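**Student:**
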Amino acid sequence: MEAKSDSRPEGGAAARPEAIIERGEVRFTVLTPRLIRMEWSADRQFRDGRTQVVVHRALDAPPFHIVEDDVAIQIETDRLQLYYEKDSGRFVPGNLRIRVRRKPGDEIEWRPGDFQQANLGGTFRTLDRYDGDTWQDGSKLPLEEGLIARDGWHVVDDTHGFGIDDEGWVTGRPSGDRQDLYFFGYGHDYPAALADFAAIAGPQPMPPRFVFGYWWSRYWNYSDQELRILGARFVKERIPLDVLVLDMDWHTTPGLSLRPGHEHKDVFGEQSGWTGYTFNRSLFPDPAAFMRWARGQKLRVTLNLHPASGVLPHEEKYEAMAKALSWDTSSRAPIPFEGTSQTYMRALFDTVLGPLEREGVDFWWLDWQQWPESKAHPGLSNTWWLNHAFFTEMQRQGDRRGLIYHRWGGLGNHRYPIGFSGDSVISWTSLAYQPHFTAMASNVLYGYWSHDIGGHTFHKHIPRPERHLEPELYARWMQLGVFSPVLRTHSAKEASLHKEPWHFGPPYGDAIFAAIRLRYQLAPYIYAAARHAYDTGLSIVRPMYYHWPESDEAYAYPSQYMFGNDLLVAPVTVPVGADGTASFPVWLPPGLWYSRDGAESFEGGRVLERSYTLEEIPIFVRPGSVVPLYPEGMRDLANVPDELILQVFPGDEGSTELYDDDGESQGYQRGECSRIRVRSRRGDRAHRVHIDRSEGTFDGKHAMRSYIVQFLDAGIPESVEVNGEALPYSAEPKPGTWLFDTAWLCIRVDLGPVSMEEAHDVVARFLPEHTPPPGLLHRMRRAEEAVLYLKQVWGDISALPDEVDLAGQAARVLAYAVDQGDDAGRGDRFMDGVRAFEARFIALPESVNATPIDEALKRGFVDVLGR
1256 MEAKSDSRPE GGAAARPEAI IERGEVRFTV LTPRLIRMEW SADRQFRDGR
1306 TQVVVHRALD APPFHIVEDD VAIQIETDRL QLYYEKDSGR FVPGNLRIRV
1356 RRKPGDEIEW RPGDFQQANL GGTFRTLDRY DGDTWQDGSK LPLEEGLIAR
1406 DGWHVVDDTH GFGIDDEGWV TGRPSGDRQD LYFFGYGHDY PAALADFAAI
1456 AGPQPMPPRF VFGYWWSRYW NYSDQELRIL GARFVKERIP LDVLVLDMDW
1506 HTTPGLSLRP GHEHKDVFGE QSGWTGYTFN RSLFPDPAAF MRWARGQKLR
1556 VTLNLHPASG VLPHEEKYEA MAKALSWDTS SRAPIPFEGT SQTYMRALFD
1606 TVLGPLEREG VDFWWLDWQQ WPESKAHPGL SNTWWLNHAF FTEMQRQGDR
1656 RGLIYHRWGG LGNHRYPIGF SGDSVISWTS LAYQPHFTAM ASNVLYGYWS
1706 HDIGGHTFHK HIPRPERHLE PELYARWMQL GVFSPVLRTH SAKEASLHKE
1756 PWHFGPPYGD AIFAAIRLRY QLAPYIYAAA RHAYDTGLSI VRPMYYHWPE
1806 SDEAYAYPSQ YMFGNDLLVA PVTVPVGADG TASFPVWLPP GLWYSRDGAE
1856 SFEGGRVLER SYTLEEIPIF VRPGSVVPLY PEGMRDLANV PDELILQVFP
1906 GDEGSTELYD DDGESQGYQR GECSRIRVRS RRGDRAHRVH IDRSEGTFDG
1956 KHAMRSYIVQ FLDAGIPESV EVNGEALPYS AEPKPGTWLF DTAWLCIRVD
2006 LGPVSMEEAH DVVARFLPEH TPPPGLLHRM RRAEEAVLYL KQVWGDISAL
2056 PDEVDLAGQA ARVLAYAVDQ GDDAGRGDRF MDGVRAFEAR FIALPESVNA
2106 TPIDEALKRG FVDVLGR
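Its first residue numbered 1256, the sequence shown is counted upward by one per residue in my numbering.
The following block contains the structure:
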């Protein structure tokens, strides 16, 4: 069975000779300044091939030197010093030690058998039936260790790992008495440790672009017609959608029942009906026609598989499978499953799965939850192996990217995304745990967990008539999904469990719709972060301690994380209180941070105690960040728009990289991609954004792009220039003009279609006296919210005070001041309007206090106002 190598494109399982020091029964390989492989073999035979975990050792040897005599050998890099007593046998505490230089004057020492005191965790195969990290019997999630520990070191023991041959197939464990250890000594340089692991274990592959869109999934016996109606509703509601997930009812399920006393087992001892490869023709009378419809809607389709029961005689492809295996069909005996049988898997791919893929199946949901280990290779995780086999088989077929939707199988499985975390319990506790669980998986490079957004199933002790999904809980979970590797809703087969966005009325439905729209707007930022993960080993969702390892708070607030390089996200995971807000503390690292809209700035190095409405998500942005966005209104990620919005946050300077490729092929591994550097620099009188020319190319690359540059939290500029030429002002969006959006206090510069092969320079010039006061946009929005609240509770037919009404629509009042009149007076008119609003804002409590409204409502108004 041929399979492409799943290591780096240049290959190289064996280390370079200049990195190897071999002395009798031991061999040391200096792979990086922080990483040394240590082998002891009683028969002096050492392993150079690929293993489950390590696939690439041909790294450039780092500088190191050896000090050796008859007694011992010392190997020293600029970070590690290894000492081994020669001819002393296997590695034990008495003959081997490694010192790790964390920083000048600060060293730690490791010896074999040392126990880590502060490992920061890895991940686990599944969250099935877990409420947070607690299972239904009260036991805790048995998390595996991660590569990252506050101890400053970690050891990966590859002694008993299975091998992978040149065809990508499993080989046995090496015989004989031996040790094969990889020592990572990184101090608190956690990103360097992850980069070292990626260098030897392979990078996180980039998924196809559509993966980052919205996935619809539900365990339901959908029919062809129901799915067409569902798809039409998504179109009608203008909700984008990229992936359609069909659970196990897509295939025939003879004998399937989960009702107590009605379960059946098949001849292999598995639950009847779970394994299946034949479309249920009562639900899908013409599967090929259904697939053509889905492709016409630009939907990618994945089907659920449970392969444990092999190929049963009722399957349409039973005869073809039997012929490929020379299996005797006279007795109609089932064909047993064995995933490590190259013959069996080749037949399965060619005769059973291949025809379904040709009909339109894009990738497989390998929902494996049966035998823990291969029967042919005891000790080999079936989950790990099947993930490898399915992923590499997909890559073998032409040049498309591998993709499988599956369970975590263990270290090294990061090479086969996407992960399926399983059937978590629907609860606030589960929601609160998932940000931590997702970020922690980055410690083993497993950067692409996909969770059941909204949870999968209710607590079993809740009576069925009382099982209802809380709209607020679901809305908050969807907000977490926006800032997750994958946004996929899923649920158990319960008639009352609906997660269609239109099923929820205001304000919950509004928050859900807004979350999905925001996800699609952020797609270029997320896709660039996926490329960064491939290049560096830093996952899209990553713990705070990667960047602030010396701060105890970075470890103490595990539910917040960095989302890419520039966004700090702390999804709200508690319900709102009586005042309609949820109090949620966020630790802000040292330095200045901005709110998502640029309306507020916060000095970090402290815990920010704030309350958030349902519509608000605690998102904080580094100063000077440039965040690329797609315009609103996208339906899918099959075709990226020509227009790109660059949101530029206040700050002295910052930069980003716009990344693009064809979104589907493995060409990105060969350098077939485009990168554009964008730099921002702001002074007292000018803010400059420089967009470099595109570097690199790929099939389908656009020659032109429409850029819209948005300077957030800005004042009225005296002029706006593009490539040295002044642009005219326009009150309406128009290419080749600029406008001032008072709803965002944002300068919007529309360059129109421009060549990506040329650089572009955008400069907004200011007068200091036209700079608005800090926090103006935040006060404008608070005033608007407070006035809307007041109108809801106003019990008199009389009108609100004039100054209150005007304060509530400050953005519109300022818009008239900006747009009406000549260019020369625009800045002065704007500042006059700002001063008028500030006076009204200060007087709002007094203005409302003078009305006959109830005292409790006056206090509510002040609370909403934030005063």
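Just so it is clear, CB atoms sit at the ideal spot from N, CA and C, and this is done for glycine as well. Please read these numbers as outputs of a predicted model, since none were measured by experiment.
1) Quick one: residues in its chain with C-beta nearer than 7 Å to the C-beta of residue 1804, no 5 flanking neighbours on either side, listed in chain order?
2) When we look at the beta-carbon of residue 2071 and count the other beta-carbons within 10 Å, is it buried (16 or more) or exposed?
3) Taking just the CA atoms, how far does residue 1412 sit from residue 1437?
4) Alpha carbons only, please: which of 1589, 1454 and 1278 is nearest the one belonging to residue 1325?
5) With distances taken from CA atoms, which of 1561, 1409, 1686 and 2103 is nearest residue 2054?
6) Near residue 1501, which residues of its chain fall below 6 Å by C-beta distance, leaving aside the five closest residues on each side in sequence?
7) By how many angstroms is the C-alpha of residue 1959 removed from the C-alpha of residue 1897?
8) For residue 1489, which of 1981, 1889, 1371 and 1923 has the nearest alpha-carbon?
9) Give the straight-line distance between the Cα atoms of residue 1415 and residue 1473, rounded to the nearest whole angstrom.
10) Ends of the alpha helix (DSSP H) at residue 1735?
11) How big is the Cα-Cα spacing for residue 2156 and residue 1271?
12) Which residues bound the beta strand (DSSP E) around residue 1358?
13) Specify, as a first and last residue, the run of the beta strand (DSSP E) that residue 1471 falls within.
14) From the DSSP output, in three-state form, read off residue 1484 for me.
15) Would DSSP call residue 1534 helix, strand or coil?
16) Can you tell me whether DSSP reads residue 2121 as helix, strand or coil?
17) From this set, 1985, 1407, 1563 and 2004, which residue's C-alpha is nearest residue 1356's C-alpha?
18) In terms of residue numbering, what span does the beta strand (DSSP E) encompassing residue 1780 cover?
19) Can the beta-carbon of residue 1933 be found less than 8 Å from the beta-carbon of residue 1910?
20) Just to confirm the assignment: which complete beta strand (DSSP E) runs, minimum length 3, are found wholly within the stretch 1419-1480?
21) Please confirm whether residue 2081 and residue 2012 have their CB atoms less than 8 Å apart.
22) Would residue 1714 be called buried (16 or more neighbouring beta carbons within 10 Å of its own) or exposed?
23) What residue from 1817, 1576 and 1826 has the CA that sits closest to residue 1688's CA?
24) Near residue 1387, what residues of its chain come up, given a Cβ to Cβ distance below 7 Å and the 5 sequence neighbours on each side ignored?
25) How many Å lie between residue 1580 and residue 1531 at the Cα?
26) As a quick exercise: from 1553, 1507, 1634 and 1895, pick the residue whose alpha carbon is nearest that of residue 1571.
27) Between the Cα of residue 1740 and those of 1757, 1732, 1702 and 1835, spot the shortest distance and give me the residue it belongs to.
28) Kindly indicate which three-state DSSP category residue 1267 falls into: helix, strand or coil?
29) So, at 7 Å on beta carbons, what are the nonlocal neighbours of residue 1968 in its own chain, with the 5 sequence-adjacent residues on each side left out?
30) With respect to the alpha helix (DSSP H) encompassing residue 1692, which residues constitute its N-terminal and C-terminal limits?
31) Have a look at the DSSP bridge pairing and note the partners of residue 1278.
32) By DSSP, does residue 1262 sit in helix, in strand, or in coil?
33) Please identify the residue among 1781, 1654 and 1670 whose C-alpha is closest to the C-alpha of residue 1927.
34) Could you give the DSSP three-state label for residue 1771: helix, strand or coil?
35) Examine the ligand ZN and report whether any of its heavy atoms sits within less than 7 Å of the Cβ of residue 1416.
36) Helix, strand or coil: how does DSSP classify residue 1346 here?
**Tutor:** By the coordinates alone:
1) Excluding the 5 residues flanking it on each side, residue 1804 has same chain C-beta neighbours closer than 7 Å at 1443 and 1445, in chain order.
2) So residue 2071 ends up on the exposed side.
3) In a straight line, the C-alpha of residue 1437 is about 6 Å away from that of residue 1412.
4) Comparing Cα-Cα distances from residue 1325 to each of 1589, 1454 and 1278, the minimum goes to 1278.
5) Comparing Cα positions, the closest option is 2103.
6) These residues qualify, in order along the chain: 1558.
7) A direct Cα-to-Cα measurement between residue 1897 and residue 1959 gives close to 7 Å.
8) With distances taken between Cα atoms, residue 1489 lies closest to 1889.
9) So the two alpha carbons sit approximately 39 Å from each other.
10) Residue 1735: member of the alpha helix (DSSP H) spanning 1726-1737, first to last residue.
11) Lying before the first or after the last residue shown, residue 2156 is absent from the chain, which here runs from 1256 to 2122.
12) Following the DSSP letters along the chain, one finds residue 1358 inside the beta strand (DSSP E) bounded by residues 1351-1358.
13) Its beta strand (DSSP E) spans residues 1469-1473.
14) Correct three-state label for residue 1484: helix.
15) In the structure shown, residue 1534 sits in a strand (DSSP, three-state: E or B).
16) Coil, per DSSP.
17) By alpha-carbon distance to residue 1356, the top candidate from 1985, 1407, 1563 and 2004 is 1407.
18) No beta strand (DSSP E) holds residue 1780; the alpha helix (DSSP H) holding it covers 1778-1791.
19) Yes, the Cβ-Cβ distance between residue 1933 and residue 1910 is below 8 Å.
20) Listed in chain order, they are 1433-1440 and 1469-1473.
21) No; because the gap between Cβ atoms is not below 8 Å, this pair is not in contact.
22) Exposed: under 16 other Cβ atoms inside 10 Å.
23) The shortest C-alpha separation from residue 1688 is found at 1826.
24) Same-chain partners within the cutoff: 1684, 1685, 1687 and 1688.
25) Looking at the two C-alpha atoms, the distance is approximately 19 Å.
26) Cα-wise, what sits closest to residue 1571 is 1507.
27) Closest option to residue 1740, Cα to Cα, is 1702.
28) The answer is coil: DSSP assigns residue 1267 none of H, G, I, E or B.
29) In the same chain as residue 1968, and ignoring 5 residues on each side of it, the C-beta atoms closer than 7 Å to its own belong to 1853, 1854, 1905, 2000 and 2032, in chain order.
30) Run containing residue 1692: 1683-1695, per the alpha helix (DSSP H) assignment.
31) Answer by DSSP bridge pairing, in chain order: 1281.
32) In this prediction, residue 1262 scores a pLDDT of 36, lower than 50, which makes its location untrustworthy; the coordinate-derived value is nonetheless stated afterwards. Of the three classes helix, strand and coil, the one that applies to residue 1262 here is coil, per DSSP.
33) Here the closest residue by C-alpha is 1654.
34) Reduced to three states, the DSSP call for residue 1771 is helix.
35) Ligands are entirely absent from the displayed structure, and the ligand ZN is therefore not among its contents.
36) Residue state, collapsed to three classes: coil.
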